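For the record, in the sequence shown the residue sitting at position 319 is 320 according to the working numbering, with numbers rising by one throughout. In what follows, a single structure is set out as structure tokens and then discussed.
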Amino acid sequence: MFLGTLKTLILAGRATLKEVLDVAVTGAAVSQVHNGRLSFPSLGEIHVRSGTLQTVHLGCDQALTDILAATDAGGKPRPGVEALTKVFLDNLLKEMDGRNPRGKVARVRGGNSSLTARGVRSYGIRLASRSGQLFMLAEIPSRVELEQAKGSEFLAGMIGTYLPRDWMQRDTMENPGIVKNMRTLLEKMEADYHVEVPLKSGEAAVHSGIVLEERVLDGRPVIKLAIGVSDKDADLGPGASVKASVGLEDRSLECELEYLGPATHPLVGGVSLDCSLFAAPERFDLVQRRKAFRIPVGMGVRVEMLVLDEATPAYAAFQEAAPEQVETFSLTDLSFSGARLVRASEDAPAILAEGCRVVCRMIFPDEFEPLDLLAMVRRCTKSLANRNEWQLELGLEFLVSPDLDRGALDFVRQYVLAEQRSKLAQRVGVAAPR
């Protein structure tokens, strides 16, 4: 599904340049975009429903912009930006898999736009022609992501097929047959391997990518990951050992990978994707993905959030803030030590970033007073709200503050404990304590 979606974007872009400007693609490149904000020379935004992706940002360089706004040799105006985006949408839907995919041009705009990339299967595509360059930027969902967004039993069925029933109770997986089944499962569900790549600066960067194929090379199984490692920054040579992890339900599968070298994977029309070869893992260690047990929050809990600066104490943040400074989210799950928040808009405000301190005002329907908590943003990314739409997702870690009432943290702990007891009582078939 992942590779098919990349091919779809390339074919749609090529067909659009040929149809609108009668030019052929003379060069192409596909690159992974890392987490963060970026400036994108935007032409328009394409929204897709019931397809294999949800949003495509379409852009171009100045040369192509000038041609779209100019006239031809006969003095007639050339097809403009709006025409190009509509033709691209038509070609995209023709090439895309899915049950009757539909779409629309949501926005047509010129100039640079500030966009947020989540860094996991975020890809940019550049198609060069004699008239200029066409750019595409998209977050490509994995197969398991799409299936979970649809509410299907795909993951449960795959786990039941490939893994032993007690896999979650194990600390390690070393049996060759079970390890091979686990690798097959991760490849089929398009799970992301998060690889810690050492840098020449002495630090490490996490690169994420799915397994494109597993094969035997020189008598040993190897995996090809959709991770391009830059020689300029990385301190990684053939034979080096790196740490990697893969999330599966509420477990993290940790393993050691031996780096074998760079590789490419063919896509379509001579275009290839930069990849890396690793020796296939022969052991997985299973650990909890979270520091504390998290419970889903079923009822609607609105969360108002303010980013703190150095001059404003936490207790005075909401008193001194202007209404437009307040960001609103919904609470989706909660633990002793943190929370996960989401909202429909997929772009994060520029002021909101990983590592910043925030004050959260949680408004529980049954409580007379809102709860104010100090927290740090540990994760700022996107996730699928449903099959057709992305949402902004924040991971928060609660902090203890002398400026705020400690009773708010006590309430959170009591709430989580009460929900745990209720769920346990339902599981064992006894009445929950009152």
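Don't be surprised by glycine CBs; every beta carbon is placed ideally from N, CA and C. Note that this is a predicted model, so its numbers are computed, not measured.
Taking a contact to mean a Cβ-Cβ separation below 7 Å, would you say residue i touches residue j in this structure?
| i | j | result |
| --- | --- | --- |
| residue 206 | residue 200 | yes |
| residue 108 | residue 46 | yes |
| residue 118 | residue 198 | no |
| residue 335 | residue 395 | no |
| residue 308 | residue 359 | yes |
| residue 277 | residue 265 | no |
| residue 82 | residue 137 | no |
| residue 32 | residue 114 | no |
| residue 402 | residue 315 | yes |
| residue 385 | residue 150 | yes |
| residue 444 | residue 12 | Past the edges of the chain, shown from 2 to 435, lies residue 444, and the structure says nothing about it. |
| residue 281 | residue 217 | no |
| residue 219 | residue 133 | no |
Between the alpha carbons of residue i and residue j, how many angstroms are there, rounded?
| i | j | result |
| --- | --- | --- |
| residue 235 | residue 321 | 45 Å |
| residue 288 | residue 251 | 9 Å |
| residue 140 | residue 363 | 30 Å |
| residue 306 | residue 417 | 21 Å |
| residue 53 | residue 328 | 30 Å |
| residue 230 | residue 9 | 25 Å |
| residue 210 | residue 388 | 21 Å |
| residue 29 | residue 135 | 10 Å |
| residue 164 | residue 181 | 10 Å |
| residue 371 | residue 89 | 48 Å |
| residue 162 | residue 260 | 30 Å |
| residue 258 | residue 392 | 32 Å |
| residue 68 | residue 271 | 26 Å |
| residue 411 | residue 422 | 17 Å |
| residue 189 | residue 407 | 46 Å |
| residue 310 | residue 354 | 13 Å |
| residue 436 | residue 110 | With the chain represented from 2 up to 435, any question about residue 436 goes unanswered, as that position is not in the structure. |
| residue 203 | residue 241 | 15 Å |
| residue 339 | residue 399 | 5 Å |
| residue 269 | residue 262 | 23 Å |
| residue 184 | residue 3 | 17 Å |
| residue 221 | residue 178 | 15 Å |
Would you identify the three-state DSSP class for residue i, choosing helix, strand or coil?
| i | result |
| --- | --- |
| residue 117 | strand |
| residue 287 | strand |
| residue 201 | coil |
| residue 55 | coil |
| residue 298 | coil |
| residue 240 | coil |
| residue 193 | strand |
| residue 434 | Low confidence applies to residue 434: its pLDDT is 48, below 50, so where it sits in the model is not reliable enough to give any reading. |
| residue 354 | coil |
| residue 323 | coil |
| residue 34 | coil |
| residue 408 | helix |
| residue 346 | coil |
| residue 235 | strand |
| residue 99 | coil |
| residue 217 | strand |
Just curious, the beta strand (DSSP E) that residue i is in, first and last residue?
| i | result |
| --- | --- |
| residue 333 | 328-335 |
| residue 382 | 372-385 |
| residue 267 | 252-269 |
| residue 359 | 358-364 |
| residue 41 | 37-50 |
| residue 1 | No answer is possible for residue 1: it lies beyond the span of the chain, which begins at 2 and ends at 435. |
| residue 126 | 123-130 |
| residue 15 | Here residue 15 belongs to no beta strand (DSSP E); instead the alpha helix (DSSP H) covers 3-22. |
| residue 369 | Looking at the DSSP string, residue 369 is not in any beta strand (DSSP E), and its letter there is neither H nor E. |
| residue 394 | 391-400 |
| residue 314 | Careful: residue 314 lies outside any beta strand (DSSP E) and carries neither H nor E. |
| residue 221 | 221-226 |
| residue 108 | 103-109 |
| residue 280 | 272-280 |
Span of the alpha helix (DSSP H) holding residue i?
| i | result |
| --- | --- |
| residue 84 | 82-96 |
| residue 67 | 63-70 |
| residue 306 | From DSSP, residue 306 is part of no alpha helix (DSSP H) but of the beta strand (DSSP E) over 303-308. |
| residue 160 | 155-163 |
| residue 145 | 144-151 |
Going along the chain, which residues of its own chain have a beta-carbon closer than 6 Å to the beta-carbon of residue i, five neighbours each way excluded?
| i | result |
| --- | --- |
| residue 365 | 302 |
| residue 437 | Nothing can be reported for residue 437: it is not among the residues displayed for the chain, which extend from 2 to 435. |
| residue 246 | 195, 253, 255 |
| residue 146 | 385 |
Got a sec? Which residues, its chain only, sit under 7 Å from residue i by beta carbon, not counting five neighbours each side?
| i | result |
| --- | --- |
| residue 298 | 332, 333, 334, 335 |
| residue 131 | 24, 27 |
| residue 175 | 284 |
| residue 6 | 53, 54, 141 |
| residue 41 | 58, 60, 113, 114, 116, 138 |
| residue 106 | 45, 47, 86, 87, 90 |
Identify, in the order they occur along the chain, each residue of the same chain with its Cβ nearer than 8 Å to the Cβ of residue i, setting aside the five sequence neighbours on each side.
| i | result |
| --- | --- |
| residue 94 | 49, 52, 102, 103, 104 |
| residue 99 | 51, 52, 53 |
Could you tell me whether any non-hydrogen atom of the ligand SAM is closer than 6 Å to the CB of residue i?
| i | result |
| --- | --- |
| residue 16 | Only the bare structure without any ligand can be found here, which leaves the ligand SAM out of the picture. |
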